[in-house]
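Heads up: the structure comes next, in structure tokens.
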Amino acid sequence: MAFFDLPLPELKTYRPMREEPADFDSFWKSTLDEARAFPLDAKFERVDYGLVAQETYDVTFNGFGGQPIKGWLILPTNRTKKLPVVVEYIGYGGGRNFAFDWLLWSSAGYAHFIMDTRGQGSTWSTGDTPDLYADGGNAHFPGSMTKGILDPKHYYYYRRVFTDAVRAIEAARSRPEVDEAQIAVTGGSQGGGISIAAAALVPDVVAAMPDVPFLCHYRRATELVDSYPYKEIAEYCHVHRDKVDAVFNTLSYFDGVNLSVRAKAKTLFSTGLMDQVCPPSTVYAAYNHWAGEKDIKVYPYNGHEGGGSYQTLEKVKFLKKVFG
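Going by this note's numbering, the residue at position 322 of the sequence shown is 1047; the numbering climbs one at a time, nothing skipped.
Okay, here's the thing in structure tokens:
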């Protein structure tokens, strides 16, 4: 790998024009109103993995279309008051796996809610949530990026996932152990992109920590790198030559750049300047449009792994300041 994107001084000021549909806000309002017409019906079943410092719960709640979404809730056993909660979203292809794989935030004294990603969880970690969509959609390139990509209002995959993400926050807030006013969202790659969406769509989220976020500035990403998952979009357009405008019109409803301007939470981004999966200019495009107080950690000689444990430490320190 080598530096391939804009120089860092240009990245710091890179604030591209946004392509936003006129009905962006009404689209998301109606989407979430439809989801909330179904009961949340969050269920928490205590499970025993032999841990003594954490309580773990197998979670099921209703997301998009009233469909059941799985997750984990992990609480520190040593608690005397309501806890801030970190809601975490998972990277592309991964699932919730086992609860004992997610011990950081409960070890730091917070409640931790992990959302399984519908239809994923067979690439690098296991998932338990099918993607149930009765209406079908267009034929798509293998993967999730082009599922229903010709119709944002009914079929597109990330309409379902982003709605699930909002409902996950509502499920976390339903627990008596959780301080409803102290909500943070986080995730890496796809999880980072989902956390941007969640912070935009739930205005009172107080902190967002998107690491090397995916799902931002799609058109530039497809023109700049030849790597998956963005390549799924390019391959679809390669075959469906007459659908390029429709594809990017749909994606504009789900672009982290358009969502960032609506996000007012304090945020800590991260990026690797050699990241050929989520190029740094796509990350900075969302970061520079972010509406709230913000900071970004840059790892010049790292790719999509970003800051790794170094960034984890930065996030721990960041949340200490946010949550007091």
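From the three backbone atoms N, C-alpha and C, an ideal C-beta is built for every residue, glycine too.
- Item | CA-to-CA distance, F763 to G790, given in whole angstroms | The straight-line gap from Cα to Cα measures roughly 7 Å.
- Could you give the DSSP three-state label for P935: helix, strand or coil? In this structure, P935 counts as strand in the three-state DSSP scheme.
- Residue ranges of each alpha helix (DSSP H) run of no fewer than 4 residues wholly in the segment 880-917, ordered along the chain? 882-898, all fully within the segment 880-917.
- Item | Residue from A1010, K1040, W1015 whose Cα sits closest to the Cα of K1022 | Of A1010, K1040, W1015, the residue nearest in Cα terms is K1040.
- Query: Does the distance from the CB of R821 to the CB of W849 come in under 8 Å?
  - Reply: Contact flag unset, no.
- Short Cβ contact (8 Å threshold) for P1005 with L736: Going by C-beta atoms, P1005 is nearer than 8 Å to L736.
- Item | A727 classed as buried or exposed, judged by whether at least 16 other C-beta atoms fall within 10 angstroms | Classification of A727: exposed, given that the 10 Å Cβ count is below 16.
- Query: Among the residues of its own chain, which have a CB less than 8 Å from the CB of P867, if the five just before and after it don't count?
  - Reply: These residues qualify, in order along the chain: E957.
- Task: Hey, could you find the ends of the alpha helix (DSSP H) F749 is sitting in?
- Result: Segment 749-761, the alpha helix (DSSP H) holding F749.
- Please classify E780: is it buried, with 16 or more other beta-carbons within 10 angstroms of its beta-carbon, or exposed? The C-beta of E780 has 16 or more other C-beta atoms within 10 Å across all chains shown, which makes the residue buried.
- Item | Nearest-angstrom Cβ-Cβ length linking D889 and R944, presumed shorter than 8 Å | Contact doesn't hold; Cβ gap of about 25 Å is too wide.
- Query: Where do the N-terminal and C-terminal ends of the alpha helix (DSSP H) with D980 fall, by residue?
  - Reply: D980 -> no alpha helix (DSSP H), and no H or E assigned at all.
- Task: Answer with buried or exposed for V777, where buried requires no fewer than 16 other C-beta atoms within 10 angstroms of its C-beta.
- Result: Exposed is the label assigned to V777, since fewer than 16 other Cβ atoms lie within 10 Å of its Cβ.
- Item | DSSP beta-bridge partners of S995 | Note: S995 sits in a beta bridge opposite D936, K1022.
- Spatial neighbours of M870 within its chain, please: CB distance less than 6 Å, with the 5 preceding and 5 following residues excluded, ordered by chain position. Here the set comprises P954, E957, I958.
- Taking 8 Å as the cut-off, decide whether the C-beta atoms of S914 and H1029 are in contact. Inclusion of S914 and H1029 in the CB contact set at 8 Å is warranted, their separation being smaller than that value.
- Query: Looking only at C-alpha atoms, which of P928, S1034, F786 sits nearest to S985?
  - Reply: Per the Cα distances, P928.
- Task: Note down the Cα distance separating P938 from A988, rounded to an integer number of angstroms.
- Result: Answer to the nearest angstrom: the Cα atoms are 15 Å apart.
- Message: With DSSP as the reference, identify every bridge partner of I815, one or two as the case may be.
- Response: Under DSSP, no beta-bridge partner is assigned to I815.
- First through last residue of the beta strand (DSSP E) which encompasses G796: 793-801 is the span of the beta strand (DSSP E), which, as asked, contains G796.
- Task: Could you tell me the distance, in whole angstroms, from the CA atom of T802 to the CA atom of K968?
- Result: Cα-Cα distance, rounded: 53 Å.
- Return the chain-ordered list of same chain residues with a C-beta closer than 7 Å to the C-beta of K991, the five sequence neighbours on each side being excluded. Within its own chain, the residues whose Cβ lies closer than 7 Å to the Cβ of K991, once the five positions on either side in sequence are excluded, are V931, A932, G1017, E1018, V1047, listed in chain order.
- Message: Between D730, L875, I839, which has its C-alpha nearest A971's C-alpha?
- Response: Minimum Cα distance to A971 is reached at L875.
- Item | Beta-carbon spacing of G862, Q845 below 8 Å | Against a cut-off of 8 Å, the Cβ pair of Q845 and G862 comes out as no contact.
- Item | Cα-Cα separation between P746 and Y881, rounded to whole angstroms | In a straight line, the C-alpha of P746 is about 16 Å away from that of Y881.
- Message: Under DSSP, the alpha helix (DSSP H) around Q1036 begins and ends at which residues?
- Response: Its alpha helix (DSSP H) spans residues 1033-1048.
- How long is the line joining the alpha carbons of N1013 and C941, rounded to whole angstroms? Looking at the two C-alpha atoms, the distance is approximately 12 Å.
- Spatial neighbours of V1002 in its chain, beta-carbon cut-off 6 Å, leaving aside the 5 residues before and after: S952, H1029.
- Just mark T756 as buried or exposed, buried being the case when its beta carbon has 16 or more other beta carbons within 10 Å. Under this definition T756 is a buried residue.
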